[in-house]
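A.B. asks:
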Amino acid sequence: RGLTNASFRVAEIDRAAGIHRRAGGTFDALVGRFVLMHQSEAAATLSSAVHALKPGGIVVMIESWMDLIRARHSEPHSPLYDEIVRFKCAVVEAAGADTRAGGRLRETFVAAGLPAPICRLDARLEGGPASAYYQYVEESVRSMLPEARRTGIAGFDSSGEVDGLAERLRLETTRAGGVLVVWPVVCAFSRVPR
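Be aware that the sequence shown starts at 2, since it is given in our numbering, and climbs by one per residue.
(1) Using three-state DSSP, classify Val142 as helix, strand or coil.
(2) Determine whether the beta carbon atoms of Leu126 and Val182 lie at a separation below 8 Å.
(3) Taking 7 Å as the cut-off, is the C-beta of Arg171 nearer than that to any heavy atom in the ligand NAD?
(4) Is Leu166 helix, strand or coil by DSSP?
(5) What does DSSP give as the partner residues of Leu126 in its beta bridges?
(6) Can you tell me the Cα-Cα spacing of Ala149 and Ala131, whole angstroms?
(7) What residue from Gly153, Ala133, Pro185, Gly114 has the CA that sits closest to Leu47's CA?
(8) Within this structure, are the beta carbons of Gly179 and Gly128 separated by less than 8 Å?
(9) Pick from Asp68, Leu146, His78, Tyr82: whose alpha carbon is nearest that of Arg38?
(10) Who does Ala30 pair with in a DSSP beta bridge?
(11) With H, G and I counted as helix, E and B as strand and the rest as coil, what does DSSP make of Val187?
(12) Return the first residue and the last residue of the alpha helix (DSSP H) that Ala112 is part of.
(13) Starting from the N-terminal side, write out each stretch of the beta strand (DSSP E) that is 3 residues or longer and does not extend beyond the region 45-103.
Rendered as structure tokens:
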């Protein structure tokens, strides 16, 4: 069994306008996940990509709002998670990404010539001894080490400092009976005018 009334095209967002010229603007939807945060001109990029859609086409963008949890990310406060959050935000920003892109989606859609979108903020809360989030955090921090070194971001300077990070975070969180806020994302939905 499969869908017979749907087909999918995957393309770099800045090439979507080229697809439009070839396809005649016949796409029903444009969906992007963690794309605009990496664009220096997010509204211009989105405006160009929207030309691939036919009138009434759906535009859905999901973007991170990492910056939101710098101030409040755990209950009770986790000093280790604070260090992790600040490190990850610094590395992502040093790589040129916008850590507030999710919070700017409404503004980005409107600047791209789209109707104001419906937006939703979502962030899971993780805690307890069985959460897989601790291991994800360790692997994520480890994957960022090369970029941190390249850009001179201090924090977790070696794999040795990252080894066991999951267990240290698990212990700190569970001993406090706490929860951690997972990276918030914003989903924005709008339609191209008919």
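All C-beta atoms in this analysis are idealised placements derived from N, C-alpha and C, irrespective of residue type, glycine included.
C.D. replies: Taking the geometry as given:
(1) One-based indexing of the sequence shown puts residue 142 at position 141. Reduced to three states, the DSSP call for Val142 is helix.
(2) For the purposes of this step, residue 126 is taken as residue 125 along the sequence shown, with counting starting at 1. For the purposes of this step, residue 182 is taken as residue 181 along the sequence shown, with counting starting at 1. Cβ distance < 8 Å, so Leu126 and Val182 count as in contact.
(3) Only the bare structure without any ligand can be found here, which leaves the ligand NAD out of the picture.
(4) By 1-based counting over the sequence shown, the position of residue 166 is 165. DSSP places Leu166 in helix when its eight states are reduced to three.
(5) Start at 1 with the first residue of the sequence shown, and residue 126 comes out as number 125. Partner(s): Val182.
(6) Position 148 of the sequence shown holds residue 149. Position 130 of the sequence shown holds residue 131. Taking the straight line from one Cα to the other gives about 29 Å.
(7) Residue numbering aside, residue 47 sits at position 46 when the sequence shown is read from its first letter. The residue with the shortest Cα to Cα distance from Leu47 is Gly114.
(8) Here residue 179 corresponds to residue number 178 of the sequence shown, with the count starting at 1. Here residue 128 corresponds to residue number 127 of the sequence shown, with the count starting at 1. Yes. Within cutoff.
(9) Within the sequence shown, residue 38 is the residue found at index 37, counting from 1. In the sequence on display, residue 38 carries Met and not Arg. Of the listed residues, the one whose Cα sits closest to Met38 is Asp68.
(10) Taking the first residue of the sequence shown as 1, we reach residue 30 at position 29. Paired residues: Ile59.
(11) In the sequence shown, counting from the first residue as 1, residue 187 sits at position 186. Val187 falls in the strand class under three-state DSSP.
(12) As a first step, residue 112 is located in the sequence shown; it is residue number 111 there, counting from the start. Per DSSP, Ala112 belongs to the alpha helix (DSSP H) from 106-112.
(13) 54-65
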